[in-house]
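Participant: If you scroll down you'll find the structure; I have some questions about it.
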Amino acid sequence: AVARAPVPPTPRPEEVAEVTLGTGAVRAEVLPQPTDAVPKKGLDLSLGALERKLAVFNPAGRYITRPIERRVPGLTVKGTYFVSSGVLFQKNDGAGFREKDFRLLQAQNIVEAELNYRISSGLEIASVNHFLYDAVYDIESSRGLFADKVDSAFQMYDDFDRIARELYVSYRTPKLDVVVGKQQIAWGKMDGRFIDVINSMDGREGVQLESGDYERRRLPLWMANATYYFGKTSMNVLWIPDYTPDLSPVYGSPWFSPLIPPTDQMARVNQPLLDGQTNTLGDSFLTLKEPDWDEFSDHQAAARLDSAIGKLTWGAIYYYAWERSAVDEVVGRFMVGLNPRLTFQPNVKRLHHFGITSDYAWTASSVPVVGNLPMVLRLEALYTTGVRMTDSNRQADARAGTLNNGLSERNTLRAAVALELALPDNLVINFQPSFFLTTNWDRGLGSGFGGAFSDRWALAPVLYVEKPIRATRDRLKFTATVTPYISWPDQGFQGIKNKLTMSYELSQYIRGKITYTSYSGGDRGDLFGQYGDWDNIGIEMGYNF
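By the numbering used here, the letter at position 426 of the sequence shown is numbered 588, and the numbering carries on one by one without gaps.
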């Protein structure tokens, strides 16, 4: 018998490695294999595995937008799902005329669908649609929140004007841009609205409204928008046949002022009050007549000139527009027994807006501790003429029998200067003193567009700090905004608003944010002081696909 060596098994392809010899010949070697059998891959519950899954988690993109784009060449589809909730921290015993036993401020769900279709080079059609549902009016309807009875838009977008947020045709060349349709124009870069006045605003959140919310809170208008570029200068002209008033907090909404009577218990059952037909004094209000785009004389117009000179850019604007909120004008007087009552006609009037803007960017070298320090100095100012304000003294005269319209006209100025510093480790600091003035002010005047809150002038020195965390590849970010409000000669310190935010980018598709906002200082009749019991925490999640 001849003894034979055992024949080794044929190695699997993954076990074979090619080795190049010095002569150029190639031979195969069998890679060493572990003695134990490799177990089947199980469920990985580690944080790293979760991050990897989130990085590619985009079901709407995979099953909706991408298939549509493959079927329709030239079409781009994007979308966003945004959920935002806010909860009060303060006690439950009410504030002023408002029931404050509700804890939830909002439970908003917003779906945005954006479609862009490229017809030819430079020619596109865009459609941006919003679908909003705020569940807070179902959850808290028995605890003081009933604004949906006043305006259904507080709870849900259920008409074309709200759902069709933007719808326009654009034609762009190196020298000329023309955009025709429903759109929003973002003039201004400041924290707050100074020259950013083209579109009205959905101000349902009142003093809680932030600059970061403007993109989805502006109310787009139908307009023709043309910009011509020549050298380092551009000219932007707007023709606006449309008109949309601001949406402000109303009875039964979380941010309706606690200074305004009657109590929520009385208001919710007073349908004429909710419909705007009367007030707590028993006065009568006629139907508001808004500008009509069928009338050419009711159209609005604006122009903006921008230019650059080295590191300096500057601009000048003019806007001929209607008031954003109706003003109640006295048109009659009547008696109920021995008590005089007034008849008001809500209407809007033309305003002339004149604005300037400038930016100067430079880098300071050899700064102690910091080294090179990039900086931007920014200025925006808006002067408005003929702003109508309620005059309590003139209304008292009207009630006494000396009939007048109960209003006074003043000019207003609002301006801001901002210094932005880009420090090491991506630390950003922005200091922005904001100024508001009503000319020829006297006691008895209410608030008007551009002016201070119930005072001659006001100063709001805003401080903003932003710090991303390098260890998270800047995905984790902390920001703080502090806004004190000081006015003169009557109100003085009107309180301070503090906002602290922690945001995290889970992936390129998913982002989350937690915000704590507090109001402190001032008296109950002040801008921020009236919301001293409205400290709240908000949680937001956004999914982009």
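By construction, the Cβ of each residue, glycine as well, lies at the ideal position given by its N, Cα and C atoms.
Give a single yes or no on whether Asp323 has its beta carbon closer than 6 Å to a heavy atom of the ligand NAD.
Facilitator: No copy of the ligand NAD occurs in the structure displayed, which carries no ligand at all.
Participant: If contacts are defined as beta-carbon pairs under 8 Å, then Asn588 and Tyr626 qualify, I think. What distance do you get, rounded to the angstrom?
Facilitator: What you label residue 588 is simply residue 426 of the sequence shown in a count that begins at 1. What you label residue 626 is simply residue 464 of the sequence shown in a count that begins at 1. So it is not a contact: roughly 14 Å between Cβ atoms.
Participant: Helix, strand or coil for Gln439? Go by DSSP, reduced to three states.
Facilitator: Taking the sequence shown and counting its residues from 1, one reaches residue 439 at position 277. Looking at Gln439 - three-state DSSP - the assignment turns out to be coil, as it is neither helix nor strand.
Participant: Expressed to the nearest angstrom, what Euclidean distance is found between the alpha-carbon atoms of Gln507 and Val273?
Facilitator: Here the question's residue 507 lines up with position 345 in the sequence shown. Here the question's residue 273 lines up with position 111 in the sequence shown. Distance between the alpha carbons of Gln507 and Val273: 38 Å.
Participant: Quick check: Leu607 and Met551, are their CB atoms within less than 7 Å of each other?
Facilitator: Walking along the sequence shown from the start, residue 607 turns up at place 445. Walking along the sequence shown from the start, residue 551 turns up at place 389. For Leu607 and Met551, yes; Cβs fall inside 7 Å.
Participant: At what residue ranges does the region 325–390 contain a whole run of the alpha helix (DSSP H), taking only runs of 4 or more?
Facilitator: Correct list: 376–379.
Participant: For the beta strand (DSSP E) that Asp426 lies in, which residues bound it at each end?
Facilitator: Within the sequence shown, numbered from 1, the residue matching residue 426 stands at position 264. It is not in any beta strand (DSSP E) - Asp426 instead sits in the alpha helix (DSSP H) that spans 426–429.
Participant: Considering only the beta carbon of each residue, do Ala488 and Glu542 sit closer than 7 Å?
Facilitator: On the sequence shown, position 326 is the one that residue 488 refers to. On the sequence shown, position 380 is the one that residue 542 refers to. No; because the gap between Cβ atoms is not below 7 Å, this pair is not in contact.
Participant: Skipping 5 residues on each side, what residues in its chain have a beta carbon closer than 8 Å to that of Gly365?
Facilitator: For the purposes of this step, residue 365 is taken as the residue at position 203 of the sequence shown. For Gly365, where only same-chain residues beyond five positions count, the Cβ hits under 8 Å are Leu371, Arg379, Asp408, Leu409, Ser410, Pro411.
Participant: CB Thr600 to CB Arg637, shorter than 7 Å?
Facilitator: Numbered from 1 along the sequence shown, position 438 holds the residue referred to as residue 600. Numbered from 1 along the sequence shown, position 475 holds the residue referred to as residue 637. No, Cβ-Cβ distance for Thr600 and Arg637 is not below 7 Å.
Participant: Which same chain residues end up closer than 7 Å to Ile422 when comparing Cβ atoms and leaving out the 5 residues on each side of it in sequence?
Facilitator: By 1-based counting over the sequence shown, the position of residue 422 is 260. These residues qualify, in order along the chain: Phe259.
Participant: Just to confirm my understanding: we take Phe496, look at its own chain, exclude 5 residues before and 5 after, and list those with CB closer than 6 Å. What are they?
Facilitator: Along the sequence shown, one-based indexing puts residue 496 at 334. If we look at Phe496 and ignore the five residues flanking it on each side, its Cβ neighbours are Arg503.
Participant: For Tyr299, report the span of its alpha helix (DSSP H) as first-last.
Facilitator: Locating residue 299 in the sequence shown gives position 137, where the first residue counts as 1. Unbroken alpha helix (DSSP H) run through Tyr299: 298–301.
Participant: Pick out the complete beta strand (DSSP E) segments inside the region 499–584, 3 residues or longer, and give them in chain order.
Facilitator: Counting whole runs of 3 or more residues, the region 499–584 contains the beta strand (DSSP E) stretches 501–509, 512–529, 533–552.
Participant: For Lys661, which three-state DSSP category applies?
Facilitator: On the sequence shown, residue 661 is found 499 positions in, with the first residue counted as 1. Looking at Lys661 - three-state DSSP - the assignment turns out to be strand.
Participant: Assuming Glu231 is part of the alpha helix (DSSP H), what are its boundary residues?
Facilitator: Here the question's residue 231 lines up with position 69 in the sequence shown. Element bounds for Glu231: 228–233.
Participant: Determine the DSSP secondary structure at Gly684, reduced to helix, strand or coil.
Facilitator: If you number the sequence shown from 1, residue 684 lands on position 522. The answer is coil: DSSP assigns Gly684 none of H, G, I, E or B.
Participant: Please return the same chain residues whose Cβ sits closer than 6 Å to the Cβ of Gln594, not counting the five positions on each side in sequence.
Facilitator: The sequence position of residue 594 within the sequence shown is 432, counting from 1. The residues are Asp353, Ala578, Ala580, Val624.
Participant: Could you spell out where the beta strand (DSSP E) holding Asp468 opens and where it closes?
Facilitator: The count along the sequence shown starts at 1 and reaches residue 468 at position 306. Residues 462–471.
Participant: Going by the DSSP bridge assignment, what does Asn706 pair with across the sheet?
Facilitator: The sequence position of residue 706 within the sequence shown is 544, counting from 1. DSSP output for Asn706 lists Thr242 as bridge partner(s).
Participant: If you follow the beta strand (DSSP E) that Phe597 is in, where does it begin and where does it stop?
Facilitator: Position 435 of the sequence shown holds residue 597. Run containing Phe597: 589–600, per the beta strand (DSSP E) assignment.
Participant: List the DSSP bridge partners of Pro453.
Facilitator: Residue mapping note: residue 453 aligns to position 291 of the sequence shown, counting from 1. Answer is none; Pro453 lacks a bridge partner.
Participant: On the CB-based measure, 16 or more other CB atoms within 10 Å of its CB, does Trp524 come out buried or exposed?
Facilitator: Position 362 of the sequence shown, counting from 1, holds the residue named residue 524. The residue in question, Trp524, is exposed, as its Cβ has fewer than 16 Cβ neighbours within 10 Å.
Participant: Terminal residues of the continuous beta strand (DSSP E) containing Ser649?
Facilitator: If you number the sequence shown from 1, residue 649 lands on position 487. Note, Ser649: beta strand (DSSP E), 638–650.
Participant: With DSSP run on the structure shown, which of helix, strand or coil describes Lys675?
Facilitator: Counting from 1 along the sequence shown, the entry for residue 675 is found at position 513. Strand.
Participant: Tell me the DSSP secondary structure of Lys629 in three-state form.
Facilitator: Within the sequence shown, numbered from 1, the residue matching residue 629 stands at position 467. Lys629: strand per DSSP, three-state reduction.
Participant: Just confirm the distance between the C-beta atoms of Ile701 and Tyr678, as a whole number of angstroms; I'd bet it's less than 8 Å.
Facilitator: As a first step, residue 701 must be located in the sequence shown, where it is residue number 539. As a first step, residue 678 must be located in the sequence shown, where it is residue number 516. Between Tyr678 and Ile701 the Cβ distance is about 10 Å, and since that is not below 8 Å, they are no contact.
Participant: Any idea which residues DSSP pairs Phe293 with across the strands?
Facilitator: As a working mapping, residue 293 is identified with position 131 in the sequence shown. Looking at the DSSP assignment, Phe293 forms a beta bridge with Val273.
Participant: When you compare each of Ser680, Leu583, Ser246 to Ala297 by their alpha carbons, which one comes out closest?
Facilitator: Taking the first residue of the sequence shown as 1, we reach residue 297 at position 135. Ala297 has its Cα closest to that of Ser246, out of Ser680, Leu583, Ser246.
Participant: Does the distance from the C-beta atom of Asp695 to that of Ala309 stay below 7 Å?
Facilitator: Sequence index remark: in the sequence shown, residue 695 carries index 533 (1-based). Sequence index remark: in the sequence shown, residue 309 carries index 147 (1-based). Cβ atoms of Asp695 and Ala309: not closer than 7 Å.
Participant: So is Val316 buried or exposed if we call it buried at 16+ other beta carbons inside 10 Å?
Facilitator: Within the sequence shown, numbered from 1, the residue matching residue 316 stands at position 154. The sequence given here places Phe at residue 316; Val does not occur at that position. Buried: at least 16 other Cβ atoms inside 10 Å.
Participant: Please determine, among Ala633, Trp417, Gln653, Glu628, the residue with the shortest C-alpha to C-alpha distance to Asp644.
Facilitator: Looking up residue 644 in the sequence shown gives position 482. Note that residue 644 is Val in the sequence shown here, rather than Asp. When each option's Cα is compared against that of Val644, the closest is Glu628.
Participant: Where does the unbroken beta strand (DSSP E) through Ala478 begin, and where does it stop?
Facilitator: For the purposes of this step, residue 478 is taken as residue 316 along the sequence shown, with counting starting at 1. Its beta strand (DSSP E) spans residues 474–484.
Participant: Kindly confirm or deny that the region 392–406 and the region 467–487 touch, where touching means at least three C-beta pairs closer than 8 Å.
Facilitator: Cβ pair count under 8 Å is three or more, so yes.
Participant: Within its chain, find whatever has a CB closer than 6 Å to the CB of Asp339; leave out the 5 residues flanking it on each side and keep chain order.
Facilitator: Here residue 339 corresponds to residue number 177 of the sequence shown, with the count starting at 1. Closer than 6 Å at Cβ, skipping near neighbours: Thr389.
Participant: Taking the straight line between their C-alpha atoms, what separation do you get for Arg224 and Ile301?
Facilitator: On the sequence shown, position 62 is the one that residue 224 refers to. On the sequence shown, position 139 is the one that residue 301 refers to. When rounded, the distance between both Cα atoms is 34 Å.
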